[in-house]
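Numbering (this note's numbering), first residue to last: 4 to 114.
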């Protein structure tokens, strides 16, 4: 009976571990110039090769506030991750639709 009990517990632990999600966060880095905050509240940067990059938000640990106009047209070293957000409608209710966005986790002023 003890063997059956041990097997049942082992099986339960194995099943519960198989349902855990492994989230792998890949950090990315670019150098870009801050241009503006868009009408949709994205942070718009332009890379040296003239590509536009939009960031959804900035980690609360970042001390630089891009809402300060002194950072317009300044070059930054940006570390970011991609995350998934749930979209909301005009009333603020969640729609169930998901979107991948870029999120800044580190900003370093270069000039």
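Beta carbons are placed, not taken as given, at the ideal position from N, Cα and C, and that holds for glycine.
This one's a predicted model, so the numbers in the text were calculated from it and none came from an experiment.
| Check | Outcome |
| --- | --- |
| Assigned secondary structure, residue 60 (DSSP; H/G/I helix, E/B strand, else coil) | strand |
| Assigned secondary structure, residue 36 (DSSP; H/G/I helix, E/B strand, else coil) | strand |
| Extent of the continuous beta strand (DSSP E) to which residue 87 belongs | 78-91 |
| Minimum C-alpha distance to residue 52 - residue among 36, 62, 66, 46 | 36 |
| Own chain partners of residue 92 with C-beta closer than 6 Å, once the 5 adjacent residues on each side are dropped | 98 |
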